[in-house]
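Peer 1:
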């Protein structure tokens, strides 16, 4: 059985929540090892604020990259059929020629760093509908999205709560749901691992 995607519990845990949501979106509840959920919280809320308070600057790109590598180790250990890859900078865009868009078409989910209300923020992309992308934003709010063209979705709790136009996500501006400057872009693709060709010798 699948579980609905989750909202973050604090102002800072969008990264761990989006990574948890990638797992929830990809696997049935019975398949997910409890240690995986524990590990996400322990290892990805890693940044400190200017006063040295742990977790109050969210999740770093280094933690996202590390977590992706750790997911691949789960596969190698035979604990979960999962694979992931991290990409950054000029390789992070959506649309024609995008490795991320191709991954979505193949069933992957993308943990993506964007801007929200002027701050760095992680969301999950689970698919596309024409030039709009299916996004689950873990930051719960009663307000309608401020960005023109972004549509709230209320009846898809297992996959997305927003439709965000490709042009907004690809924007280099500091607007809501923009990936922003190329130099700061980062994304983690997560998918179920399938063995397409099995040869018995």
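Numbering (the working numbering), first residue to last: 254 to 454.
Note that the Cβ used here is the ideal one computed from N, Cα and C, for glycine as well.
For clarity, every value in this text was computed on a predicted model and none was experimentally measured.
Given residue 259, which residues of its chain have a CB within under 8 angstroms of its CB, disregarding the five upstream and five downstream residues?
Peer 2: Here the set comprises 270, 273, 274, 277, 391.
Peer 1: Please go through the same chain and pick out, in chain order, the residues whose beta-carbon is closer than 7 angstroms to the beta-carbon of residue 436, but skip the five residues on each side of it.
Peer 2: These residues qualify, in order along the chain: 342.
Peer 1: Assign residue 369 to buried or exposed, taking buried as 16 or more other Cβ atoms, counted over all protein chains shown, within 10 Å of its Cβ.
Peer 2: Flag for residue 369 reads buried.
Peer 1: Any idea if residue 443 is buried or exposed, counting beta-carbon neighbours within 10 angstroms, 16 or more meaning buried?
Peer 2: It is buried - the Cβ of residue 443 has at least 16 other Cβ atoms within 10 Å.
Peer 1: Let me confirm a value: residue 404 is counted as buried when at least 16 other C-beta atoms fall within 10 Å, else exposed. Which label applies?
Peer 2: Exposed: under 16 other Cβ atoms inside 10 Å.
Peer 1: Assuming residue 255 and residue 411 form a contact by the criterion Cβ under 8 angstroms, report the distance between their Cβ atoms to the nearest whole angstrom.
Peer 2: That pair is a contact at about 6 angstroms.
Peer 1: In three-state terms, what does DSSP make of residue 382?
Peer 2: Strand.
Peer 1: Skipping 5 residues on each side, what residues in its chain have a beta carbon closer than 7 angstroms to that of residue 402?
Peer 2: So the qualifying residues of the chain are 418, 421.
Peer 1: With DSSP as the reference, label residue 237 as helix, strand or coil.
Peer 2: Residue numbering for the chain in the displayed model covers 254 to 454; residue 237 lies beyond these limits and cannot be assessed.
Peer 1: Comparing C-alpha positions only, which one of 328, 293, 357 sits nearest to residue 267?
Peer 2: Answer by Cα proximity: 293.
Peer 1: Could you check if residue 434 is buried or exposed, using at least 16 other CB atoms within 10 Å of its CB as the buried criterion?
Peer 2: Exposed, since its Cβ has fewer than 16 Cβ neighbours within 10 Å.
Peer 1: Quick one, which of 364, 413, 393, 394 has its alpha-carbon nearest residue 313's?
Peer 2: Minimum Cα distance to residue 313 is reached at 364.
Peer 1: Roughly how many whole angstroms lie between the Cα atoms of residue 282 and residue 335?
Peer 2: Their backbone Cα atoms lie some 14 angstroms apart in a straight line.
Peer 1: Just verifying my parser: in three-state terms, what is the DSSP assignment at residue 435?
Peer 2: Helix, per DSSP.
Peer 1: Which residues bound the beta strand (DSSP E) around residue 362?
Peer 2: First-last of the beta strand (DSSP E) with residue 362: 362-369.
Peer 1: In chain order, what residues of the same chain have a beta carbon less than 7 angstroms from the beta carbon of residue 379, not counting five sequence neighbours either side?
Peer 2: These residues qualify, in order along the chain: 278, 362, 387, 389, 412, 413.
Peer 1: Is the CB-CB distance between residue 375 and residue 400 below 7 angstroms?
Peer 2: It is not a contact, given that the beta carbons lie outside the stated cut-off.
Peer 1: Do you know offhand how far residue 459's Cα is from residue 398's?
Peer 2: No answer is possible for residue 459: it lies beyond the span of the chain, which begins at 254 and ends at 454.
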